[in-house]
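I have placed the structure first, in the form of structure tokens, so that the comments after it can refer back to it.
Protein chains: 2
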Amino acid sequence: MASIKEVAETAGVSTATVSRVLSHGQHVRPEVRQRVMEAVEKLHYRPNLVARSLRSQQSNTIGLIVSDIRNPFFTSISRVVEDIAYAQGFTVLLCNTDEDANKESIYLQLMRDTNVAGVIFSPTRQTAASLSQQRFDFPIVMVDRVVADFEADTVLLDNVEAAYRLATHLINNGFKRIGAIFGETSSTGLERQQGYEQALRQHGLPVLAEYIKHTQPRVEAGYAAATALMKLPHPPEAILTSNSLTMEGALQAIRAANLSLPEDMALVGFDETPWTMLVQPSITIIAQPTYEIGKIAAELLIQRIADPSRPPRQVILRGQLHVRGSSAPLRTGADAPVR
Amino acid sequence: MASIKEVAETAGVSTATVSRVLSHGQHVRPEVRQRVMEAVEKLHYRPNLVARSLRSQQSNTIGLIVSDIRNPFFTSISRVVEDIAYAQGFTVLLCNTDEDANKESIYLQLMRDTNVAGVIFSPTRQTAASLSQQRFDFPIVMVDRVVADFEADTVLLDNVEAAYRLATHLINNGFKRIGAIFGETSSTGLERQQGYEQALRQHGLPVLAEYIKHTQPRVEAGYAAATALMKLPHPPEAILTSNSLTMEGALQAIRAANLSLPEDMALVGFDETPWTMLVQPSITIIAQPTYEIGKIAAELLIQRIADPSRPPRQVILRGQLHVRGSSAPLRTGADAPVR
DNA sequence: TTGTATGCGTTATCAT
DNA sequence: ATGATAACGCATACAA
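Just so you know, the protein sequences line up as chains A and B, in that order.
Heads up: the first sequence runs through residues 1 to 339, numbered per full-length UniProt numbering.
Heads up: the second sequence runs through residues 1 to 339, numbered per full-length UniProt numbering.
In structure tokens form, the structure reads like this:
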């Protein structure tokens, strides 16, 4: 690979001039610029980004730290982030943490070592709690999850409201005993639990500890939790899940238990996935505006990279409730179907 | 951030010694090493990876270039690749190309500029055709798709065989008029078409051009193609799709047309996704060993980074046929269900 | 075993 | 407007 030095030589100028031409392009005669460009063409010269980064103390890489790219929510976020990054000349370092605080810490370290321009991060509660005591020399945008006492741009769903709406929908459709499965590792799970409890209380329904499960955001965990719920002496009539992975597990469990949806067990959850509309009945969900979330997060980050002094913003988006068959009203009395 | 120079000073040694301690750790007295380590601790020193990369002319970053991370196949591959990379001290640069040769070329350029250690690449046919005329100063492992006249480690499914098996399964179950939707941008689509045609011919069935659609690997494309197939004067009895995205679209189209699966229209395809087992009837598919594919690709790459002279390997894996309800035998005559 | 000095490929400062 | 040169942080050849 040709270096800037060789370009300078074949163009008959100094490396400084070549650099000027290629960077800002100011203060250089058109004729000289021409010669430089020709040399660049001829040698197929490409600036070495590593050297440039070392010298300029900045880079065009942004880190994306999420728990698992296979979670449809993060799959979608990742795609958008990469899109925006690409459009703005940035490149994306992908990091999966599996909700492991240790891995989060290691990746955060890596971000320092590698001199990234900034990071988009969806931290565990554990990491979120310790973040305020740390200093970073790059901006971090929090996505999906909140971090207390930490000045950072943040993009969130209004989780309390969304879960409240979801639970209220169930209640309005006649469900009274509503089990729930929340993520235990993230602030998101906590907030959604709040919304769920709010809805119950407001409608005079009891909040039962045995109806509330906390799990990792994983299919198997959802399956296990739903199974446990169904095995209760007095099982719930509906299950509310807080992410698509546990929702998937819960659906599998309901099927495995040979219960019919929604007569024997209703099911609602978060996140639009390919299958919520393909299964029958289709699943009632709160769709998160993943495109918007990712887009805003990436844009906030890139803005802050450009202007580190800009005051942090917190963007809170609203989910969209899609009412579908899995939570259809319970029919009782005369028009109830024969079981 | 403390630099190696500061560490050297506070430890009372030269930067060379610090570097030695931190790199191989050879040829240095235990006592001195101790002093250095203490200084490192005290200053919270971390080596600057950019500087290290510039100096050593290598890096710990590998590029992953795929068409779309949202394609479940690539989602899965990406996760495994990142896992293996992490375990081996590498980091992953994620690149989506949208089957766009231009974007592929840009990303390949970026890989050069950024001095990556290697790349895992799933190229379009267009790029694959021009790759043999290019030189890269980093190893590339091809995944999912073949590249002619290019010496590179490659990890593939036996696509011809898999599609052959899938089509044969349909034929054995009594389906004679089998439509198909193949990806038009990749070698994979072509190979699967071969297997499909082989199966038809071998069973004395005609290969009809109007039954074969070529599309982008996208849900909407699958929907459109399946719809076109169903609108044919003499529509097929079954549709074979070559990836999960078009399969999803095809299923939507079949539902929209109010046809019942598999009586009015059978459906089979590639790739295990959450929903193939959740929809009813569940979908017959060839499951690709995505974990294995990603793992082997990452391992081959890392091996080659360590030993560039190792002869290239081509690993061809076999898909697994999961027979499910969407391709259940056609019943005719006495035991046919009332329509 | 340890230190000195050089260079990796840029960009930026300071002359000219 | 252009060039010489230093510096970014590190690793290594060579000398001691």
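All C-beta atoms, glycine included, are put in the ideal place defined by N, C-alpha and C.
Since we're looking at a predicted model, the values are computed, not measured.
Just to confirm, is the Cβ distance from residue i to residue j under 9 angstroms?
| i | j | result |
| --- | --- | --- |
| T290/B | D271/B | yes |
| R79/B | G294/B | yes |
| L157/B | S327/B | no |
| G189/B | S242/B | yes |
| A11/A | E38/A | yes |
| A152/B | P311/B | no |
| S186/B | S67/B | yes |
| W275/A | T273/B | yes |
| residue 342/A | S14/A | With chain A covering 1 to 339 only, the question about residue 342/A has no answer from this structure. |
| A117/A | I296/A | no |
| L64/B | V81/B | yes |
| Q288/B | F73/B | yes |
| Q198/B | A225/B | no |
Taking the alpha carbon of residue i as the reference point, which residue from the options has its own alpha carbon closest?
| i | options | result |
| --- | --- | --- |
| V96/A | I120/A, I84/A, Y86/A | The question names Val, yet the displayed sequence has Asn at residue 96/A. Checked all of I120/A, I84/A, Y86/A; the closest Cα to N96/A is I120/A. |
| residue 398/A | H203/A, A250/A, I77/A | No statement about residue 398/A is possible, as the shown extent of chain A runs from 1 to 339 and does not include it. |
| I77/B | H44/A, R70/A, D83/A | R70/A |
| R177/A | S282/A, L208/A, T273/A, F73/A | L208/A |
| N258/A | P274/A, G269/A, T227/A, V268/A | T227/A |
| G179/B | S186/B, Y196/B, G118/B, V279/B | Y196/B |
| I254/B | L278/A, L261/A, A256/A | L278/A |
| P308/A | R112/A, L131/A, F138/A, L166/A | F138/A |
| R135/A | H44/B, S132/B, Q280/B, R55/B | H44/B |
| Q133/B | A148/B, Q252/B, P206/B, Y211/B | A148/B |
| E184/B | L200/B, P206/B, L205/B, I212/B | I212/B |
| N102/A | L131/A, D83/A, S56/A | L131/A |
| I302/A | S56/A, A87/A, H24/A | A87/A |
| R218/B | D98/B, Q26/B, H24/B, K42/B | D98/B |
| E210/A | L229/A, Q193/A, D83/A | L229/A |
To which residues of the same chain is residue i closer than 6 angstroms at the C-beta, ignoring the five residues directly before and after it?
| i | result |
| --- | --- |
| D100/B | none |
| V18/B | I4, V7, A8, V36 |
| P337/A | Reliability of the predicted coordinates at P337/A is poor, the pLDDT of 48 falling under 50, and no value is obtained from them. |
| G269/A | T241, M247, I285 |
| E191/A | N159, V160 |
| I316/B | L156, D158 |
| A162/B | I286, G319 |
| L300/A | V141, D153 |
| V143/B | I120, S122, V155, A297 |
| V146/B | S187 |
| L321/B | R165, I286 |
| Q314/A | T154 |
Enumerate in chain order the residues of its own chain whose CB-to-CB distance from residue i is below 7 angstroms, with the five nearest sequence positions on each side excluded.
| i | result |
| --- | --- |
| V40/B | V7 |
| G222/B | I181, T215, T241, L245, T246, M247, E248, G249, A250 |
| P329/B | N173, G174 |
| L22/B | P47 |
| V28/B | T17, R20, V21 |
| A85/B | I62, T91, V92, A298 |
| E292/A | L317 |
| E220/B | G249 |
Might you give, ordered along the chain, the residues of its own chain that have their beta carbon closer than 8 angstroms to the beta carbon of residue i, omitting 5 neighbours on each side?
| i | result |
| --- | --- |
| A238/B | L170, F175, R177, I178, G179, P262, M265, A266, L267, V268, S327 |
| V323/B | H169, T284 |
| G333/A | Residue confidence for G333/A is low, a pLDDT of 48 falling below 50, so the modelled location carries little weight; the figure read from the coordinates is stated next. Answer for G333/A: no residue qualifies. |
| E280/A | Note that residue 280/A corresponds to Gln in the displayed sequence, not to Glu. Counting only Cβ-Cβ distances below 8 angstroms, and skipping sequence neighbours, we find G325. |
| P206/B | L200 |
For residue i, verify whether its CB is less than 8 angstroms away from any heavy atom of the ligand GTP.
| i | result |
| --- | --- |
| D144/A | Absence of the ligand GTP is noted for the structure shown, with no ligands found whatsoever. |
Query - Cβ-based contacts, 9 angstroms cut-off: residues of the stretch 156 to 179 of chain A near chain B - result: none
> Would you call the stretch 44 to 61 of chain B and the stretch 84 to 102 of chain B touching, i.e. three or more CB-CB distances under 8 angstroms?
Replying inline: yes
| query | Counting Cβ pairs, one atom from each stretch, are 3 or more of them under 8 angstroms apart for the stretch 26 to 34 of chain A and the stretch 228 to 243 of chain A? | reply | Contact between the stretch 26 to 34 of chain A and the stretch 228 to 243 of chain A is absent, because fewer than three Cβ pairs lie under 8 angstroms.
**Asked** When you check each C-beta in the stretch 260 to 274 of chain A against every C-beta of chain B, which residues fall closer than 9 angstroms?
**Response** T273, P274
For the stretch 45 to 52 of chain A against the stretch 127 to 144 of chain A, are there 3 or more C-beta pairs whose distance is under 8 angstroms?
-> No: the two stretches stay apart, fewer than three of their Cβ pairs being nearer than 8 angstroms.
**Study point:** Residues in the stretch 225 to 250 of chain A having any Cβ partner in chain B nearer than 7 angstroms
**Key:** If the cut-off is 7 angstroms between Cβ atoms, the stretch 225 to 250 of chain A has E248 near chain B.
For this session: Note down, in chain order, all residues in the UniProt domain "HTH lacI-type" (2 to 56) of chain B with a beta-carbon under 7 angstroms from any beta-carbon belonging to chain A.
Result: R46, P47, N48, L49, V50, A51, S53, L54
For this session: Residues of the stretch 104 to 138 of chain B with a CB closer than 8 angstroms to any CB of chain A: list them in chain order, please.
Result: Q109, L110, R112, D113, T114, N115, D137
Between the stretch 85 to 98 of chain B and chain A, which residues of the former have CB atoms less than 8 angstroms from a CB of the latter, in chain order? Y86, T91, V92, L93, L94, C95, N96
Under 8 angstroms, CB to CB, which of the residues in the stretch 55 to 82 of chain A have a partner in chain B? Cβ contacts with chain B come from S59, T61, L64, D68, I69, R70, T75, S76, S78, R79, E82.
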